[in-house]
Every structure is written in C-alpha cells, then in structure tokens.
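Residue numbers (the numbering used here): 12 to 98.
For each residue, glycine too, the CB sits at the ideal point set by N, CA and C.
The model shown is predicted, which means the values in this text are computed figures rather than measured ones.
The structure under discussion appears below in the form of structure tokens.
This is the structure in structure tokens:
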C-alpha cells in the first residue's frame, strides 16, 4: 500500500509535470543565449567607441612624452646658449 501511495504521485509527476518543466526550461534557455539585432549593433558601437578612446589616450600619452622631451632640450639650450632663440 505504501508503494502505491508513492507510485501514483511519482507517475503523475513523470508523465505530466516533468515534460512541461523540461520544455519550458530549455525553450527559455535557448532564447537567453542570443543577442537581438539592436543589442548587437549597440555592442559594436561600444567596441568602436572603446577603441577610439584607447587610441586617444595613447596619442595623448605620446604628446605628453614629446612635450617633456622638447622642454628638456629647451632647458639644455637655455643653459648652454642663452641666445639660441634669437637665431
């Protein structure tokens, strides 16, 4: 009797609830993995923006380095030849 008491709900679960549960689980899972067209475009736009920002930072860093070098050269010339700017 106790085996029948457990077998009936288990059979109902396996025949009706489990297939619906699995179908809903995997149908939702397939849709979550894909980006929509607008999301793909936004992702490409953000990638391009990030690359441009990275390039700007690199150029700014090079400008800073070159500015420091020019200032160092001018300081050396000012010390060794005070009138070098007049030429």
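With distances taken between CB atoms, is the gap from residue i to residue j smaller than 7 Å?
i	j	result
residue 95	residue 84	no
Taking just the CA atoms, how far does residue j sit from residue i?
i	j	result
residue 16	residue 46	47 Å
residue 59	residue 37	34 Å
residue 92	residue 74	26 Å
residue 18	residue 34	23 Å
residue 81	residue 71	15 Å
residue 76	residue 63	20 Å
residue 52	residue 29	38 Å
residue 14	residue 49	55 Å
residue 32	residue 20	16 Å
residue 57	residue 69	18 Å
residue 55	residue 22	50 Å
residue 79	residue 98	23 Å
Would you give the residue range spanned by the alpha helix (DSSP H) that residue i belongs to?
i	result
residue 21	13 to 23
residue 98	Careful: residue 98 lies outside any alpha helix (DSSP H) and carries neither H nor E.
residue 55	48 to 91
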